[in-house]
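Right, one structure below, let's go through it.
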Amino acid sequence: MEIKYQLLSLLLVLGTSQATEQEPDVPDVYQKPKFCGQLDCPIYRLVKQYDKFEHRDYEATRWVRTPLENDFFGLGMVKSFRRLYKYITGSKAKEMKINMTVPVVIYKPRNQPPAGNSTMSFFVPHEVQDPPQPTDPDVYLSDSPAQSVYVRSFGGYALDSAYSKEAEVLAEELRALGLEFNDSFYLRSGYNDPFTVYDRHNEVWFVAK
Ligand SMILES: *[C@@H]1O[C@H](CO)[C@@H](O)[C@H](O)[C@H]1NC(C)=O
Ligand SMILES: *[C@@H]1O[C@H](CO)[C@@H](O)[C@H](O)[C@H]1NC(C)=O
Ligand SMILES: *[C@@H]1O[C@H](CO)[C@@H](O)[C@H](O)[C@H]1NC(C)=O
609 MEIKYQLLSL
619 LLVLGTSQAT
629 EQEPDVPDVY
639 QKPKFCGQLD
649 CPIYRLVKQY
659 DKFEHRDYEA
669 TRWVRTPLEN
679 DFFGLGMVKS
689 FRRLYKYITG
699 SKAKEMKINM
709 TVPVVIYKPR
719 NQPPAGNSTM
729 SFFVPHEVQD
739 PPQPTDPDVY
749 LSDSPAQSVY
759 VRSFGGYALD
769 SAYSKEAEVL
779 AEELRALGLE
789 FNDSFYLRSG
799 YNDPFTVYDR
809 HNEVWFVAK
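Mind the numbering: the sequence shown is residues 609 to 817 in my numbering, read in order.
Here you go:
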C-alpha cells in the first residue's frame, strides 16, 4: 500500500510537465525562479509573458529597508547595503537565521517632484515570521501588500545608467501597449553578488495600476 502510494507520487511528479499541458487549471507546485539561485525570494505568479517584459503578481512581502543616498561614485549604495547587511547579521537576526535573500531592491523616484526618496531593501525570508526590530534608526521593517508589476529583465553587470535605460525602455513599451502603471517611481532588482560573473540577472519593475 505504502510503496504503491510512493510510486504513484513519483509518477505524478515525473508526469507533471505532461499533466499541466492537458490540465492547465491544476496549479503546479510553486517553483522558485532559477535566477533566485540558492536564496529565498518573493513568490509571484506569472500573469503574462510579453515579448520584452513580464507581468507578475507578487504575494504580500516583508522588507527591511534603509534610505539610499544617490551619489556619483556609488558610495551611498555601499553604505546602505552595509546597514542592511549589519541588520541581517546582527546578534538577534543571527539567532533567527535571517539569511541573505534576493532581490536587493532599490526604489528610484522618477518624476519631478520625485515621489519620496530613494531606498534600498532586503527581502525578509518567508521562514522568518517575526523579525527583530532594527536598532539602527536608519533601518526599518516595511510590509508591502500583494502587488502586480511589469518586469523587464536583462543580464550583465548593471550600472545605474543601464537600469535607468531599461526602465525607460519598459515605460515606453507599456505606454505603447496602453498598459497603466505608476510612473512616479521604478524599482530595480539585483540578484547577484559582485563575484558572480556569468548568468547575471537584473530587473526593472513598474507597479501596475
Ligand atoms: C527625503 O530626504 C530628506 C533629506 O534627508 C528628508 O528631509 C525628507 O523628509 C525625505 N522625504 C521623505 C518623503 O522621506
Ligand atoms: C539559512 O541558510 C541555512 C544554510 O544555507 C539553511 O539551513 C536555513 O534553513 C536557512 N534559513 C532560512 C530562514 O532560510
Ligand atoms: C504612485 O506611487 C507614489 C509613491 O509610492 C504614490 O505616492 C502614489 O499615490 C502612486 N500613485 C498611484 C496613482 O497609485
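A virtual CB, placed ideally from N, CA and C, is assigned to each residue, including glycine.
- Query: Which residues share a DSSP beta bridge with Asn810?
  - Reply: Phe762 and Gly798
- State the start and end residues of the unbroken alpha helix (DSSP H) segment that holds Thr697. Leu683 to Thr697
- Tell me whether Arg718 sits in a helix, a strand or coil according to DSSP, three-state version. coil
- Query: What is the residue span of the beta strand (DSSP E) that Ser752 lies within?
  - Reply: Tyr748 to Ser752
- Query: My guess is that Tyr695 and Asp768 are in contact by the Cβ rule of under 8 Å, so how many angstroms apart are they, rounded?
  - Reply: That belief does not hold up - the Cβ atoms of Tyr695 and Asp768 are roughly 24 Å apart, past 8 Å.
- How about Asn707: is its Cβ closer than 7 Å to a heavy atom in ligand 3? no
- Is Ala668 near ligand 3, judged by its Cβ being under 7 Å from some heavy atom? no
- Task: Tell me whether Ala784 counts as near ligand 3, meaning its Cβ is closer than 7 Å to at least one heavy atom of that ligand.
- Result: no
- Using DSSP with H/G/I as helix, E/B as strand and the rest coil, what is Leu767? coil
- Message: ligand 3 and Lys716: does any heavy atom of the ligand fall closer than 7 Å to the residue's C-beta?
- Response: no
- Message: Can you look up Glu662 in the DSSP assignment and give me helix, strand or coil?
- Response: strand
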